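S.K.: Under the working numbering, the sequence shown has 217 at position 212, and the numbering climbs by one with no breaks. Just so you know, even glycine gets a beta-carbon here, dropped at the ideal spot from N, CA and C. Treat the numbers as computed from the prediction; the structure is a model and nothing was measured. Below is a structure I'd like to ask you about.
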Amino acid sequence: MSDYAILVGISRYPNPGFSDLEGPRNDVALMEEWLRSPAGGEIEDEPDRRHIIKLVTPEPYPHQFEPDEAPPTHSEFERLFRRLVHSLDQLPARRLYLYFSGHGFSERKRHEAHAAVYTADADDDFPMNIYGTRVAQIALRKGWFDEVVLVMDCCRDSEINRRPAEPTIDEAFDEGSATRGKLLAFYGAPFGGKAQERPIPQAGNRVHGLLTYALIKALREAPGDSAGRLTGQQLKNFIYAAWNDLFGDDAPDLPRIQLPDGADVVFVTPPERQGFAQHIKLKEPLSQTAELIVRGAQLNPLFACRLEPPGKESLIEFPDRSTEPARFDGQTLILRLPTGMYYCEISAAVPPREAPLIVRGEGRVEL
């Protein structure tokens, strides 16, 4: 799978004006664990290429550098990002995870959702930073990745005299890539708000950023949509619904989650979280292209399956215009659906045939 990640966690800020943090190293470790898990991101390094790159406060912490050279720095991030882009053997790669945990801010004059994280060498007069939102946008506009999942677990203090640092990347871009690219962005606080870190009892009292902990819990536990897919919308629904249950009555303001325009981002999930396998068998093998529509209990269309005779690829098409391959052998279609009531309609017959489908476990229906 051509997925990549850059994980940045900054815990130590030796210059005046910035306090140290306990959570970022733990946050990066939690994020990496999910990204590498077969039940999560399923990302594996190759012998000659790292797919997950970490840039964190060193431990044990060295003292031989000047505070204005404290790692991690903006230049270190740009060097690693440049190496990653140059290592891609085909463009676009599928997905890039950009993760940042540390102190952060937003520029007051910018109206769009955005954030930058201060690097360890920042001070009051030289607010060095990584403009995470801009890096994500450029990665899509340049056609380097189809999708970017951006996580900014940092404050978004509204600053009038500080500017996010524009990446030193050529601005030329491909209009087609800019239009197709999908950005799913998670911000630890609303504009002008404070992100928080706390000891988490459910995590053995390790300190974590609240957004990071809630996001990983959602990725591991959130139910899929009506088609069994775990999407950005499902993660947002789960995090917002669980926020106060997770962090109590004194939980801070909800994080801000920005969904892509058009087609959503879909995450890999184990089969057991996608629902139960349903075998939909046609009365006779398919000899021409047909469409099978799956509707919910209120007869609302959930998705359509474009079925092709053997030798051609069949596809599942969702309302947000995203698609995925269909498991169809020419006569039997296998879908995974959550528990519920559905209706299936096939256009291969005249008049079209339909049948109800009650999902309580693995099932079969003939059309």
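1. Using the Cα positions of D128 and N20, report the straight-line distance between them to the nearest angstrom.
2. Would you mind stating whether L35 and Y218 have Cβ atoms separated by less than 9 Å?
3. Could you tell me which uninterrupted beta strand (DSSP E) segments, each at least 3 residues in length, are contained entirely in the stretch 84-155, listed from first to last along the chain?
4. Mapping DSSP to helix, strand and coil, what is F252?
5. Determine the direct distance from the alpha carbon of Q303 to that of G368, and round the result to whole angstroms.
6. For Q263, list the residues DSSP reports as bridge partners.
7. Is L251 near I351, with beta carbons less than 9 Å apart?
8. Taking the alpha-carbon positions, what's the A98 to W149 distance?
9. Quick one: what's E81 bridged to in DSSP?
10. Label K187 either buried or exposed according to how many other C-beta atoms from any shown protein chain fall within 10 Å of its C-beta, with 16 as the threshold for buried.
11. Starting from L60, follow the beta strand (DSSP E) in both directions and report where the run begins and ends.
12. With distance defined between alpha-carbon atoms, name the residue in Y192, Q207 and G209 nearest to Q201.
13. Could you pull the start and end residues of the beta strand (DSSP E) that A360 belongs to?
14. Straight-line CA distance for Y18 to L215?
15. Taking the straight line between their C-alpha atoms, what separation do you get for R30 and F82?
16. If we cut at 9 Å on Cβ distances, does L26 have a partner in chain C?
17. CA-CA distance, Q385 and P172?
M.R.: According to the structure data:
1. Taking the straight line from one Cα to the other gives about 6 Å.
2. A contact, by the Cβ cut-off of 9 Å.
3. Whole beta strand (DSSP E) segments, 3+ residues: 98-106, 109-112 and 121-123.
4. Helix, per DSSP.
5. Each residue's alpha carbon lies about 21 Å from the other.
6. For Q263, DSSP records a beta bridge to A190.
7. Note that the C-beta distance between L251 and I351 is not below 9 Å.
8. Straight-line spacing of the CA atoms in A98 and W149 works out to 6 Å.
9. Residue pairing by DSSP places E81 in no beta bridge whatsoever.
10. So K187 counts as buried.
11. For L60, the enclosing beta strand (DSSP E) starts and ends at I57 to V61.
12. Closest in alpha carbon position to Q201, among Y192, Q207 and G209, is Y192.
13. Looking at the DSSP string, the run of the beta strand (DSSP E) that includes A360 is R358 to V364.
14. The alpha-carbon atoms of Y18 and L215 are separated by roughly 20 Å.
15. Computed Cα separation, rounded: 16 Å.
16. Given the protein chain composition of this structure (a single chain), no chain C is represented.
17. As shown, the chain starts at 6 and ends at 372. That puts residue 385 outside it, with no answer to give.
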